[in-house]
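Quick note, the sequences are listed as chains H and W, same order. FYI, in the working numbering the residues of the first sequence are 1 to 836. FYI, in the working numbering the residues of the second sequence are 837 to 1279.
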Amino acid sequence: MSRWLRAACILVGTSSAFAAEDVGSGVGVRAGGSPRVSALSIDPGRVLLRGSDGRAQLVLTGTTALGEEVDLTRDARVRWSVRDVAIAKVAAGGRVDASADGSTVVEARLGELSARVEVRCADHEDARVVDFATEVVPIFTKLGCNAGACHGKASGQNGFRLSLLGFDAGFDLESLTRDGRGRRVFPAAPASSLVLLKATARVPHGGGKRFEVGSPSFRTIERWVAQGLRPSSPTPARLERIEVTPLDRVMPRRSGRQLRVTAHYSDGAALDVTHLAQYQSNAEDLATIDDEARVEARDGVGTAALTARFGGEVAVARVTVPLGERVPDWTEPASDNPIDRLIFKRLRTLGLPPSGPCTDDEFARRSSLDLRGVLPDPDQAAAFVASTDPDKRARWVEEQLESPEYAEFFALKWSAILKNKRGLGQLSQAGTFAFHDWVVQSIAENKPYDRFVAEILTAQGDPAENPVLGWYRQVSTLEERVDDTAQLFLGLRVQCARCHHHPYERWSTSDYYGFASIFSRMTSKASGRPLDPIVYVRADVSTAGYARDPLTGVAYPPKLLGGEVIAASGASRRTDDPRRALAAWLGRPDNPFFAPALVNRYWKHFFGRGLVEPEDDLRVTNPASNPELLAFLARDFAASGFDLKALARRIATSRAYDRSSLPNAWNGGDRRNFARYYPRRLSAEVLLDAINQVVGSREPFNGVPRGFRAAQLPDDGVASYFLDVFGRPKRQSVCECERNPEANLAQSLMLLNSPEIQNKLAGPNTRVERWARDPAGAAAHVDELYRLCCARPPSARERDVCLEHLERKRAAKQIKQGYEDLMWVLINSKEFMFNH
Amino acid sequence: MLEIKGGRNETRARATRRSFMRVGALTLGGLTLADVLRLRADGAEEAGRGAGSDTAVIQIVLGGGPSHIDTYDPKPDAPREFRGEFAAIPTNTPGVYLSEMMPRQAKIMDKLAVVRSLRHTTSDHNAGMHWVMTGFPATDPGQSANTRPSVGSIAAKLRGANAPGLPPYVSLNGAQQFANASYLGPGSNPFEVAGDPRAAAKPRNIELPGGLTFDRVEDRRALLSKLDRIERARDAGGVMEGMDHFTREAYAMITGPAARRAFDLTQEQARVRARYGDSRVGQSCLLARRLVEAGVTFVTIREGNWDHHAQVFQNCRRMLPELDAAVASLVEDLHERGLAERVMLLVWGEFGRTPRVNGTSGRDHWPGAMSALVAGGGLNMGRAVGATTRKGEYPVDHPLGPEDMLQTVYHVLGIDPRRQFFNEAGRPMAVLNVGRPIDDLTG
């Protein structure tokens, strides 16, 4: 234990909670309609303030007679006081600042109730040496100086560069004390150091004023300069972890709560760093958090994760915000599907009543679109609706899963994120088709997912014989292989660690390049076909085959992410391939990433939103909205032998999946708890196929057999303006977010006013033409039109509107135009364009 | 030395730091209608602070990379195998010379500026074009799509159109390489006008398709409003409402006069049309002028193939007179119409060409030096910015990159280049975090 701390660590005193003597006549504290507060307590139990800058945040909690907790820290009626004002000051809101060495007591009083905490201040003379890494660097991080938008970017800002988010204190020291000829610090007059002149905007600073002259941050830096710019204190205490309290709480909507962050050091010290840490909420519609760790619950309902960062350490608190309204009784739909138990339990906790079940019409359309990417055949859908089989929805799902379109549709999804494309012609088109076929085939035969991925990751040889090499062909650089493997198959975004420590996660550059060494011995040789070289792994187990961090030159042995170093397999240098160890690790029970990443991706496929969002960014600081459900699905998936169809079946036959999209009086704003089905616009390919399906036309794609549907295209190398404006991905990103769901003007123009659509409607051999030739069947045609487009019969009103239009057009001898118009209207309706 | 620059941006910097985080967060989840409207409001708020509120940019991209020595950076004193076949002629700005193939621009040099100290480091067409269009080199030489948004897409996203009923960003002469929006989403891609403007080319889907009349469009619209009745409340994400919003905008564009008039070159007097020259580039420039006048914010024109590995002089004799007439007429016209302060013109390619003429009388790829022509936009005119060595090989000093040129464009557009968007990997990406506006133009 360091000397300064030993001096400071004579910690005694306890916080005491004093119950009110007269609960009945005490002050009537009511928060959110909860009963009267009967006791107060202060957290933490004792406070140590170190140095003249010492500061701590107290949290004052009231407890009601029913045992409910209310955060009163910032309650205006609370009177904060300190017994010896020479020792410390306390401000409204519970912030304590040191004034002199010694100990005193801070009291919070609310009417008859009070709570006290002992505060001890030490080292007020600041004799202690400031530690650059643990005290100065966090200031730059807190104030955003070393953010990527400012001095933290690789090129710095106006010549001054800091390590991104302060992960390299040595670099920052060099930059401050030596670069720019040492002009940034001025030990002879520390307060006039350029870094302080800039930060206080006493000289013009592009980033504006970051703190005041004489503020705690100012004084810390000033003191560090005055003490001679030391790289570290002589007895530095390592930051071991940070702790955020309270860890997990329920908060009413539109209420506030104070969090506290404590830093724990290797010498046993625990110091308040609430005012130095940075905060972030993963769900700003639910809860926001300000610079002082004050959480405000908003209008949304659900659980938000609040991340605190300090000195490279991260801690996460959760707040659950229930609806908090009186809702009618509701019962969970009967189900033996474990998904439903977990979904409806969660909705119960949140007080959020789910929507009722969707109609059979809606279910047929929804599940057909989600499982096959095509609209249901009207006759089959009608038979499904008419069936009285209690198991009919499960049977219907099974039929979808066994259809050829199922494999094609999921292959479309996978091909995009596997980046299969022919590019500008530098890659062979035959290889693009072959890899696409391999994906379709794998999904059709329901290849276990761990094997599917293992085959991709361990591919080698001649692409003519092994089409799965298509992935390595397109994902061609070492970095891309690392990034894509992690993001696509493990749900980890590790790109950041290529150059610097991941800002929110545990991944460092050594993790990154260790993982890279799994792929670093891959190479290729001529196959006789210049576009399709033979891929193999160099037999080289020396360190020369390791990946190197280009910034430091350090080489790292192959290592699994968050796992062990891969030992060279002793069998034979020739067969040694660390990719095999990676592939074997995927399906192992101790792999914490592989199964959750996939089930979350599939959940999003069916619900439009992942349990974790974005779906491929799984990390401690971005937890699932329903962690138990994610854990169950991952376990279930692994136990099934990574059976993708079983997973799709499990989800699509749940009561959660067959909720109506129509909100009830309470769940209209819900976008994360699955209280109802969230409608989604049909994706580019599915929409185009659906239009052709209802019109009875074929898309004239170039370079593929006639009659090819958009969902069957192997890549984006087949030109289609329609697909592009509706967000077909360019297959440049491993993220499904490249498939853009946004509305835009070009889409509206395309649907409303394009020759493409008009020519389809007016073209030969369409339904429109057939209907126009049959003047007697208008009502039947309108019925067919609605069953095609919306998978339901028209309402009486809709039928009337349509027939009236047809009648008008017939009178004008334009009956074909009449049908064109109706088809156009249905194609342009949101009911058609959305899966709902 | 103390740095004293940058102070004037203080208030703006603070306001936008807040807003760019918000914009970034939105891009993760897709844009809803409310977001679109808020973004517009943000843009308007920012624009309302003065610079850039209604400015526009016309960019002419000379794809393939034009020879700098034979155009804007003549080297009359260089040996013949460097200076080539063209003489240098004086301009109406003392001390500034242009190639003799640019006589009309020479006459209005006081309304132009040439930037001669541009250079970058890639001689690959793709990588260079991506750099010029976005400010960043391509990450992969074989890449066919933007990995960063183009400058026009940024303008579309952050500024929108200057007037309702018009698209914010238009690309003339068809699809242009790297003119797209990347992670900003296809809503910020350009409206492409395929084909030659002399043949009355229009952007897609603004003209009524064959077989439709305005009456029928109105008839359909009325029918749609009766039948498109699914409850919008089902979609809390707001995409349905977003579509409804764009549907209204699309109708305004299809049936309203603004867009149709703007794209209709026949509205111009024959005299004006003739002045720009009966060439594709000439009529494209005229169309671009009509568009920015009507309210388009960014027009990019892809013009010609300047990849003259062989017969560079012969090709220049054929192509430069058209370009010269087009550029000079456009600049004169912008002045006559009082648009010169509001509209910036930028003419450049992806790199320069080798100073030494090769064995086939051509010049090869040369990123060591390239020129750009600039006019208007409230920038300083009548000057040559920077200079290259005697043989036109490299900038003499203070080399500039495409990123500096684009910083200057953002300066004119009133866009804070520090604004950030999240890319597909969730990484915050600044509009442009390298380079700085060219002082000689903006100072």
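C-beta: ideal position from N, C-alpha, C; glycine also. A quick note: this is a predicted structure, and the numbers were derived from the prediction, not measured.
Per DSSP, the unbroken beta strand (DSSP E) holding residue 103/H starts and ends at 102-110. In the DSSP assignment, residue 629/H falls within the unbroken alpha helix (DSSP H) covering 627-639. If only uninterrupted beta strand (DSSP E) runs of at least 3 residues are considered, those enclosed by the segment 1118-1151 of chain W are 1134-1138. Using a CB distance below 7 Å, the part of the segment 1058-1075 of chain W facing chain H consists of 1059, 1060, 1062, 1063, 1064, 1066, 1067, 1069, 1070, 1071, 1072, 1073 and 1075, ordered along the chain. Rounded to whole angstroms, the gap between the alpha carbons of residue 133/H and residue 227/H is 15 Å.
Of all C-beta pairs linking the segment 43-57 of chain H to the segment 97-108 of chain H, three or more are shorter than 8 Å, placing the two stretches in contact. At least 8 Å separates the beta-carbon of residue 237/H from that of residue 272/H. In the DSSP assignment, residue 289/H is bridged to 295/H. Between residue 536/H and residue 474/H, the gap from beta carbon to beta carbon reaches 8 Å or more. With its beta carbon less than 8 Å from one in chain H, residue 1056/W belongs to the interface. With respect to the C-alpha of residue 788/H, the residue from 600/H, 750/H, 689/H and 747/H having the closest C-alpha is 689/H. For residue 909/W, the number of other beta carbons within 10 angstroms of its own is at least 16, and it is reported as buried. Linking residue 904/W to residue 1211/W through their CA atoms gives a straight-line distance of about 17 Å. Between the alpha carbons of residue 1191/W and residue 497/H lies a gap of roughly 42 Å. In terms of Cβ geometry, residue 302/H and residue 673/H form a close pair [threshold 8 Å].
Taking 8 Å as the upper bound on Cβ-Cβ separation, chain W lies near residues 661, 662, 663, 668, 669, 670 and 671 of the segment 659-675 of chain H. Contact between the segment 580-593 of chain H and the segment 445-457 of chain H is present, with at least three C-beta pairs closer than 8 Å.
Counting C-beta pairs with one atom in each stretch, the segment 138-149 of chain H and the segment 109-128 of chain H have fewer than three that are closer than 8 Å, which means they do not touch. Look at the segment 1078-1104 of chain W: the residues with a C-beta under 9 Å from a C-beta of chain H are 1078, 1079, 1080, 1081, 1082, 1083, 1084, 1085, 1086, 1087, 1089 and 1090. Comparing C-alpha distances from residue 57/H to each of 246/H, 77/H, 141/H and 68/H shows the shortest one belongs to 246/H. Of the residues 811/H, 85/H and 776/H, the one whose Cα lies closest to the Cα of residue 106/H is 85/H. Neighbours of residue 750/H across chain W, judged by C-beta separation under 7 Å: 1041.
Residue pairing from DSSP places residue 314/H in a beta bridge opposite 309/H. For residue 428/H, there is no enclosing alpha helix (DSSP H), as DSSP marks it with neither H nor E.
Residue 715/H does not reach chain W, its nearest Cβ partner there being about 11 Å away, counting only Cβ pairs nearer than 7 Å. As a beta-bridge residue in DSSP terms, residue 1028/W pairs with 1007/W.
Taking 8 Å as the threshold, the shortest C-beta distance from residue 1150/W to chain H does not fall below it. Out of 833/H, 523/H and 516/H, the CA that lies nearest to the CA of residue 482/H is found in 516/H. In this chain, residue 989/W is not harboured by any beta strand (DSSP E); it is covered by the alpha helix (DSSP H) spanning 987-995. In this structure, residue 746/H sits away from residue 973/W, with a CB-CB distance that is not shorter than 8 Å.
Within the DSSP secondary-structure output, residue 75/H pairs in no beta bridge. Annotated three-state conformation of residue 1076/W is helix, per DSSP. Rounded to whole angstroms, residue 615/H and residue 491/H show a C-alpha spacing of 7 Å. Contact check for residue 1138/W and residue 988/W: beta-carbon distance about 12 Å, past the 8 Å limit, so the pair fails to qualify.
Against chain W, the beta carbon of residue 724/H has neighbours under 7 Å at 1022, listed in chain order. The shortest C-alpha to C-alpha distance from residue 127/H to any of 394/H, 797/H and 223/H is the one to 223/H.
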